[in-house]
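Residue numbers (this note's numbering): 216 to 326. Where a beta carbon is used, it is the ideal one built from N, C-alpha and C, also for glycine. Structure, as structure tokens:
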DNA sequence: AGCGTGACGTATA
DNA sequence: TTATACGCCACGC
């Protein structure tokens, strides 16, 4: 348990396949609503670690902001599509439909 | 101990 | 409506 990073990693790990979440939602869930940037920052450190599907985390607009950091290719988009999440123009389609709110499925007291 | 940085988000022009 | 500016807060140097 380093810090925020590990907490973010844990939450991301809880995101089911075929669903996506947002940085702000995770940040808010962790109690640091204004640290959405930190969430993304933590994800960057999570890349390469199994169990931390960073590709399931996008910004509030459902935009694949960090796909550039994901190997520099369309890997992120392909991963999402492979899980059943339609992506077009680096943007998740029907984002609200696939959005997965951690606060709605996880126990805040546990984190 | 301090400064710069950043996969965001909200406010303002 | 789109574009630009600012704030945030933890991490690395």
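For the pair residue 294 and residue 302, the CB atoms are not nearer than the 7 Å cut-off. In this structure residue 253 does not touch residue 281 by the C-beta definition: roughly 14 Å separates them, more than the 8 Å allowed. Assignment of residue 223 by DSSP, reduced to helix, strand and coil, places it in the helix class. Between residue 236 and residue 272, the gap from beta carbon to beta carbon is short of 7 Å. As a beta-bridge residue in DSSP terms, residue 303 pairs with 306. By the C-beta criterion, the region 223 to 237 is judged to be in contact with the region 314 to 326, since at least 3 inter-stretch pairs fall below 8 Å. Excluding residues up to 5 positions away in sequence, 235, 273, 277, 278, 279, 295, 300, 301, 313 lie with their Cβ nearer than 8 Å to the Cβ of residue 307 in the same chain.
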